[in-house]
Amino acid sequence: MRNFGILAISILLILNAAIYILAGLGMVLFKEEVLPIIQKEFETVAEGYELPDSIFEELYYLVSVVIVALALLFLLSATGILMLKNWARILTVILFAFQLTYSVLLLPYDPLGVINVLIAALVIWYLLRKDVGDIFKARRLSIEERILGRKG
């Protein structure tokens, strides 16, 4: 039976992946509506600094590709977490460290980002606990070892 914390984290990873996929694909599919809004916000935040439209469009597509790539990493991590792979635990810590940093930087613009900060910090803390690390590092028997008996 799976540990409840590990199951909850894998569900959270899948939800994050879904949100990232929708955001990335939404950026591509609704470029005509979204790009002007982002340009306006950029001009508001970066007063006096302008980017040529061609560079801004290239950055826009780059960001959408990065968002979809992050979604795939979240899905990969969720799969590995469910399979109790230690690389997935490390990848999840890295992904949530990125999310924590991003959320902290956006706090002045999004006060509800505190919730994201708390969730990311909680996931990182949980996955770095020694007892949880031991679950991922435990050697599991292969199917042959289970059928024929444990080898010395």
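The number in my numbering is simply the position in the sequence shown, starting from 1, with 1200 added.
From the three backbone atoms N, C-alpha and C, an ideal C-beta is built for every residue, glycine too.
This structure is a prediction, so every number in the text was calculated from the model and none was measured.
If you check the beta carbons only, do residue i and residue j fall under 7 Å apart?
i, j, result
"I1221", "V1323", "no"
"V1398", "V1317", "The chain is shown only over 1201 to 1352; residue 1398 falls outside these bounds and no answer can be derived."
"K1337", "N1286", "yes"
"A1271", "A1320", "no"
"Y1326", "G1205", "yes"
"L1235", "Y1260", "yes"
"S1254", "M1227", "no"
Can you give the beta carbon distance from residue i to residue j, rounded, assuming they're within the 8 Å contact cut?
i, j, result
"I1219", "A1278", "Contact flag wrong, Cβ pair sits at about 13 Å."
How many Å lie between residue i and residue j at the Cα?
i, j, result
"S1342", "K1240", "57 Å"
"L1348", "P1311", "58 Å"
"D1334", "F1242", "45 Å"
Per the contact definition of three or more C-beta pairs closer than 8 Å, is the region 1281-1297 in contact with the region 1246-1265?
-> no
What are the complete alpha helix (DSSP H) segments, minimum 4 residues, inside the region 1203-1257?
-> 1204-1229, 1231-1245
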